[in-house]
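Q:
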Amino acid sequence: MQQTEICTFLKTFFSENGCAITENSPYSMQVQLTEELDKALMNRPFYWHYIEKMGGQPNLATLSLKTDPKEEEGELIHFGSPRLHKIFSYVIEKGRFGQFFEPVPPEGKTVPLKPWLCLNGKIVYHCHQKKEEFFSIGLSLITGEMLKEFHSLVKSSSLKVSIPDFCFTLTPLIKPGSGIDRIHQYLFHTIEKENHQWAEEAMCKMDKELALLERFYAGTTEKPPSYEKEKASITGLYAPSIQLDIINGGIFYLHNHPLTGFS
Amino acid sequence: MQPPILTDNKWIEEFTEALNLQKPLSSWKQYNMAFETAQKNMISDFQTLEAPKQLPQLTLHDYQYDAARKAINEMNGRAILADEVGLGKTIEAGLILKEYMIRGLVKKVLILAPASLVTQWCAELNSKFYIPAVEQRKKPQWETVDIMVTSIDTAKRGNHAEIIKNIDYDMVIIDEAHKLKNKKTRNYQFVREVKKKFCLLLTATPVQNKLSELFHLISLLKPGYLGDEEAFNDYFQRGEHYGELQELIQKVMIRNRRDETDMDWPKRIVQTVPVRFSSDYHTVYEQICRLKQKMKEEYHSPQSGFLVLTLQREFCSSREAVFMTLKNAVEKREMPSEQMNQEFLNMMTSLNHLPSHPKADKVLELINSWEKDEKVVIFTEYRATQLYLQWFLGQHGIRSVPFRGGFKRSKKDWMRQLFQNQAQVLIATEAGGEGINLQFCHRIINYDLPWNPMRIEQRIGRLHRLGQEKDVNIYHLAVENTIEDHILKLLYKKIGLFEGVIGELDHILEKFGSNHIQSHLSSIFSQSESEGEMRIKLDHLSSIVLEEEKEEATHATN
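Line by line, the protein sequences give chains A and B. Residues in the first sequence are numbered consecutively from 1, following full-length UniProt numbering. Residues in the second sequence are numbered consecutively from 1, following full-length UniProt numbering.
This is the structure in structure tokens:
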């Protein structure tokens, strides 16, 4: 993330969360936190505990932030700064589950909205190394049709969290639970078809080191505790596994098919 | 092969709850922002280092970046970081740790550092890497604190050790790891029993004396990598398979040398300051020298030679140092005869009548010749000298603080701070050489010379390291026409220790073994019958050392 990008992100984040922002310059700002953000970002549980117990008026914190090191005042925010990471986790935590509706303009007649399930997440390849691969899959809970890159199809439309007037939702034929299963099955298949050389290499390294370990302790009749420890460490280090981590997901009630665009 | 696939069951469960409206749902904006944020933080491949992107304020040198990359990608996070003193091994370790933390491969970390460096480790990890490292407190919370910094002496204590051994650490970092060279020590056993996936061993001197030390270090990292001990000794110890060993070591050890890095280092300005004994001092020195012959006649053991040698060296340092040795010898009744005993007692009396030590006078003269309050670190080998110097400088209105390896961590920190803020002089004994960073000072006085040349290097490394902005002035004091003079002229100067950049020397010593040199020196000084014999033998020794170096050089050019 570039500094300008971070700056935009911060402004969106704080205004989205109802904070008053005073911009001192394009790269520095004063933010008056809300109670919720103060609790989430300022790490002062004792203060809040005290205020709540005593029923006092909280003195909400103000953050002074800058994204350009040359700016005089404020805490420098960059991609690695702990403050930003706290904001990141807050953002991710707040956006995990959703239920969204296509805003169909009222035209006098009732319009059916078809349910879709979407899962966004990453495939985590894990051994002594780690890499992640992104996925976003949508599944029609009526027809079972599956769409890749679902999020990029819906992201620029202005979906609503409540059902528009003159609309009704179709009851899913596929329950969300089995929808999740279907998407997982699909991912399992894709993963199985992949080349897992990384895992083979990791196993190979593991076997080699385990063999060395055996040789090292070959002469000892009774193995010392360190033997088991080291063995477990080596296995823990190299053993390959794959994890399906879900970032977020939701049920989308759409009138139009995602590939054709929305109202 | 197909690795097992795990699903995110927690999310699935919570999602179902959310749909039943038992949990709040996100707004469309929140949902989108979460998605974008997660995508920005993705780790898209195995190899590229993510950490530097998150540390824009950190100036990384190329060799440090390369070291981290190599330790992670080629050595699988189990490596010995053996850069020369002052090149920033801590930075490399911090970078590696950060990378693993960003990748989510490391969460639980134990860092074992010398007591005097614990605070500094914490400060650096927090300020430079935003790693929330915590210093161990009186009541350490091994289980609850994720990144704990402590000293090995604390960690290995019974009650702590039992808890630590039951924790699955993702990473263990050990600073000054050469202290683990002896596999019989409790420290070594303890480290061996800590469960660790990734492991970094930091040391500037992976081999201090014997090759087997390296064997034990590597066995902590990768047991069996160099075979078992017996096989290792049989195969490598004699040096025939040196190339092979070198190659194996390079796969687990990263070693950057100062002269290989493309940086402008502050210079080292070395100056030898001759000190002359006044006639009264000279008389006593002669008296000590004559002891050698006498003791030889009295009892024919080489042991006597060593004692005299010690006395000679001590006398070049301070009266107090000799006095303590004499006193001990007399008290322990080690003397073979009453006559010898009397001889020692006489000598103690004559010591009492001597004025201040000429070396101490010289130190005073040096300090007074500088600008007011110019800070200096004085290194000495002897505790007695340390005390004497502190008293002596105090008499002349110069504030000094002592520093010893045996100090508790808090005391070391305190002394360092006192030195930085209030005292002009820090007087360190040998043990104080390690584990303290004094970049804010740029003068060193080597009050007496250690015989292990690596120790000189470690002393200088306390100041001449990353972060030092000025040139470092180094003064060697040596008393003319004494044993010190011999060491200085015939050995140190010849092998170019002072002028040469660090690295060349430890190159030679790695092959030659610095212990070797030390024992040669001891035997030369204690056994030689005459001045001439001593000179010839020393010449011989230095030419052997030089020969090794030349051979190395031709080898390299071929």
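Here a beta-carbon is modelled for each residue, glycine too, at the ideal position from N, C-alpha and C.
(1) Compute the Euclidean distance between the alpha carbons of alanine 204 of chain B and serine 27 of chain B, then round it to the nearest angstrom.
(2) For proline 69 of chain A, count the other beta carbons within 10 Å of its own beta carbon; 16 or more makes it buried, fewer makes it exposed. Which is it?
(3) Mind listing which residues of the region 134-149 of chain B have their C-beta closer than 9 Å to chain A's C-betas, in chain order?
(4) What span of residues does the beta strand (DSSP E) with arginine 443 of chain B cover, start to end?
(5) Taking buried to mean at least 16 other C-beta atoms within 10 Å of its own C-beta, is serine 44 of chain B buried or exposed?
(6) Below 8 Å on the Cβ atoms is my guess for glycine 80 of chain A versus tyrosine 100 of chain B; work out the distance and round it to an integer in Å.
(7) So which residues of chain A does leucine 19 of chain B contact, with C-beta pairs closer than 8 Å?
(8) What does asparagine 256 of chain A touch in chain B if you count any residue whose Cβ is under 8 Å from its own?
(9) Going along chain B in order, which residues have a C-beta closer than 9 Å to the C-beta of proline 106 of chain A?
(10) Check the DSSP bridge columns for aspartate 175 of chain B and list the partner residues they point to.
(11) Under 7 Å between C-beta atoms, does aspartate 45 of chain B make it to chain A?
(12) For the alpha helix (DSSP H) that contains aspartate 485 of chain B, what are its first and last residues?
(13) Starting from asparagine 199 of chain B, trace the alpha helix (DSSP H) both ways and give me its first and last residue.
(14) Using DSSP with H/G/I as helix, E/B as strand and the rest coil, what is proline 112 of chain A?
(15) Alpha carbons only, please: which of B/Thr261, B/Asp280, B/Val145 is nearest the one belonging to aspartate 62 of chain B?
(16) If you compare alpha carbons, which of B/Pro114, B/Ala113, B/Asp168, B/Glu135 is closest to leucine 105 of chain B?
(17) Taking the alpha carbon of leucine 113 of chain A as the point to measure from, which residue in A/Tyr125, A/Leu244, A/Leu170, A/Leu76 has its own alpha carbon closest?
(18) Take isoleucine 502 of chain B and list the residues in its own chain whose beta-carbon comes closer than 6 Å to its own, dropping the five residues that flank it on each side.
(19) Going straight from the alpha carbon of leucine 354 of chain B to that of tyrosine 281 of chain B, what length do you get?
(20) Using 8 Å as the Cβ pair cut-off and three pairs as the minimum, do the region 151-166 of chain A and the region 122-136 of chain B touch?
(21) Please return the same chain residues whose Cβ sits closer than 6 Å to the Cβ of serine 522 of chain B, not counting the five positions on each side in sequence.
(22) Report the residue from B/Asn32, B/Ser528, B/Met42 whose alpha carbon sits nearest the alpha carbon of lysine 296 of chain B.
(23) Can you check whether the C-beta of lysine 53 of chain B is within less than 7 Å of a C-beta belonging to chain A?
(24) Using 7 Å as the limit for Cβ to Cβ distance, is tyrosine 225 of chain B near chain A?
(25) Decide if lysine 109 of chain A is buried, meaning its Cβ has at least 16 other Cβ atoms within 10 Å, or exposed.
(26) Any idea which residues DSSP pairs histidine 126 of chain A with across the strands?
(27) I want to see whether chain B comes within less than 7 Å of proline 43 of chain A, judged by CB atoms only; does it?
(28) Which residue's Cα is closest to the Cα of residue 578 of chain B: B/His486, B/Leu60, B/Met534?
(29) Name, please, each residue of chain A whose Cβ falls closer than 8 Å to the Cβ of lysine 23 of chain B.
(30) Give the straight-line distance between the Cα atoms of methionine 1 of chain B and alanine 199 of chain A, rounded to the nearest whole angstrom.
(31) I need the boundaries of the beta strand (DSSP E) containing lysine 66 of chain A, first residue and last residue.
(32) In three-state DSSP terms, what is leucine 55 of chain B?
(33) Under 7 Å between C-beta atoms, does proline 225 of chain A make it to chain B?
(34) Have a look at the DSSP bridge pairing and note the partners of threonine 235 of chain A.
(35) Which residue marks the beginning of the alpha helix (DSSP H) containing asparagine 368 of chain B, and which one marks its end?
(36) Straight-line CA distance for tyrosine 47 of chain A to glycine 177 of chain A?
A: In this structure, then:
(1) Within the second sequence, numbered from 1, the residue matching residue 204 of chain B stands at position 204. Within the second sequence, numbered from 1, the residue matching residue 27 of chain B stands at position 27. Distance between alanine 204 of chain B and serine 27 of chain B, taken at the CA atoms: about 55 Å.
(2) The sequence position of residue 69 of chain A within the first sequence is 69, counting from 1. By the neighbour-count rule (16 or more Cβ atoms within 10 Å), proline 69 of chain A is not buried but exposed.
(3) From the region 134-149 of chain B, no residue has a Cβ closer than 9 Å to chain A.
(4) Counting from 1 along the second sequence, the entry for residue 443 of chain B is found at position 443. 443-446 is the span of the beta strand (DSSP E), which, as asked, contains arginine 443 of chain B.
(5) Walking along the second sequence from the start, residue 44 of chain B turns up at place 44. An exposed status is given to serine 44 of chain B, since fewer than 16 other beta-carbon atoms sit within 10 Å of its beta-carbon.
(6) Here residue 80 of chain A is taken as the residue at index 80 of the first sequence, counted from 1. Here residue 100 of chain B is taken as the residue at index 100 of the second sequence, counted from 1. The Cβ separation is near 15 Å, so there is no contact.
(7) As a working mapping, residue 19 of chain B is identified with position 19 in the second sequence. Those within 8 Å of leucine 19 of chain B in chain A are Phe97, Gln99, Pro176, Ile251.
(8) In the first sequence, counting from the first residue as 1, residue 256 of chain A sits at position 256. Going along chain B, no residue has its Cβ under 8 Å from asparagine 256 of chain A, so there is no contact; the nearest lies around 17 Å.
(9) Here residue 106 of chain A corresponds to residue number 106 of the first sequence, with the count starting at 1. For proline 106 of chain A, no chain B residue has a C-beta closer than 9 Å to its own C-beta; the minimum C-beta separation is roughly 20 Å.
(10) The sequence position of residue 175 of chain B within the second sequence is 175, counting from 1. Answer is none; aspartate 175 of chain B lacks a bridge partner.
(11) Numbered from 1 along the second sequence, position 45 holds the residue referred to as residue 45 of chain B. For aspartate 45 of chain B, the nearest CB of chain A lies under 7 Å from its own CB, placing it at the interface with that chain.
(12) To locate residue 485 of chain B, count along the second sequence from 1; it is residue 485. Where aspartate 485 of chain B is concerned, the enclosing alpha helix (DSSP H) stretches over 483-486.
(13) Indexing the second sequence from 1 puts residue 199 of chain B at position 199. Note that residue 199 of chain B is cysteine in the sequence shown, not asparagine. Run containing cysteine 199 of chain B: none in the alpha helix (DSSP H); it sits in the beta strand (DSSP E), 195-202.
(14) Translated into positions along the first sequence, residue 112 of chain A becomes position 112. Proline 112 of chain A: strand per DSSP, three-state reduction.
(15) Sequence index remark: in the second sequence, residue 62 of chain B carries index 62 (1-based). Checked all of B/Thr261, B/Asp280, B/Val145; the closest Cα to aspartate 62 of chain B is B/Thr261.
(16) Here residue 105 of chain B is taken as the residue at index 105 of the second sequence, counted from 1. Of B/Pro114, B/Ala113, B/Asp168, B/Glu135, the residue nearest in Cα terms is B/Asp168.
(17) Along the first sequence, one-based indexing puts residue 113 of chain A at 113. A check of alpha carbon separations from leucine 113 of chain A across A/Tyr125, A/Leu244, A/Leu170, A/Leu76 identifies A/Leu170 as the nearest.
(18) Counted from its first residue, the second sequence places residue 502 of chain B at position 502. Confidence at isoleucine 502 of chain B is low in this model, with a pLDDT of 36, below 50, so the placement of that residue should be treated as unreliable; the coordinate-derived value is given next. Non-local C-beta neighbours of isoleucine 502 of chain B in its own chain, meaning closer than 6 Å and more than five positions away in sequence, comprise Glu84, Arg258, Glu457, ordered along the chain.
(19) Counting from 1 along the second sequence, the entry for residue 354 of chain B is found at position 354. Counting from 1 along the second sequence, the entry for residue 281 of chain B is found at position 281. C-alpha separation (whole angstroms): 7 Å.
(20) No: the two stretches stay apart, fewer than three of their Cβ pairs being nearer than 8 Å.
(21) Looking up residue 522 of chain B in the second sequence gives position 522. Excluding residues within five positions, none has a Cβ falling inside 6 Å.
(22) As a first step, residue 296 of chain B must be located in the second sequence, where it is residue number 296. Lysine 296 of chain B has its Cα closest to that of B/Ser528, out of B/Asn32, B/Ser528, B/Met42.
(23) For the purposes of this step, residue 53 of chain B is taken as residue 53 along the second sequence, with counting starting at 1. It does; some Cβ of chain A falls within 7 Å.
(24) Position 225 of the second sequence, counting from 1, holds the residue named residue 225 of chain B. For tyrosine 225 of chain B, the answer is yes, since a Cβ of chain A falls inside 7 Å of its Cβ.
(25) Translated into positions along the first sequence, residue 109 of chain A becomes position 109. Burial call: exposed.
(26) The residue labelled residue 126 of chain A in the question sits at position 126 within the first sequence. Its beta-bridge partners are A/Lys130, A/Ser241.
(27) Here residue 43 of chain A is taken as the residue at index 43 of the first sequence, counted from 1. One detail in the question is off: residue 43 of chain A reads as asparagine in this sequence, not proline. Cβ-Cβ to chain B under 7 Å: no for asparagine 43 of chain A.
(28) Lying before the first or after the last residue shown, residue 578 of chain B is absent from chain B, which here runs from 1 to 558.
(29) The residue you call residue 23 of chain B lines up with position 23 of the second sequence. Under a criterion of Cβ atoms nearer than 8 Å, the residues of chain A adjacent to lysine 23 of chain B are, in order, Phe97.
(30) Within the second sequence, residue 1 of chain B is the residue found at index 1, counting from 1. Within the first sequence, residue 199 of chain A is the residue found at index 199, counting from 1. C-alpha separation (whole angstroms): 7 Å.
(31) Position 66 of the first sequence, counted from the first residue, corresponds to residue 66 of chain A. Unbroken beta strand (DSSP E) run through lysine 66 of chain A: 62-66.
(32) Within the second sequence, the letter at position 55 stands for residue 55 of chain B. Per DSSP, reduced to three states, the secondary structure at leucine 55 of chain B is coil, with no helix or strand assignment.
(33) In the first sequence, residue 225 of chain A corresponds to position 225, counting from 1. Yes, proline 225 of chain A counts as interfacial toward chain B.
(34) Here residue 235 of chain A refers to the residue found at position 235 when the first sequence is read from its first residue. Beta-bridge pairing links threonine 235 of chain A to no other residue.
(35) Mapped onto the second sequence, residue 368 of chain B falls at position 368. Where asparagine 368 of chain B is concerned, the enclosing alpha helix (DSSP H) stretches over 358-369.
(36) In the first sequence, residue 47 of chain A corresponds to position 47, counting from 1. In the first sequence, residue 177 of chain A corresponds to position 177, counting from 1. Rounded to whole angstroms, tyrosine 47 of chain A to glycine 177 of chain A spans 42 Å at the Cα level.
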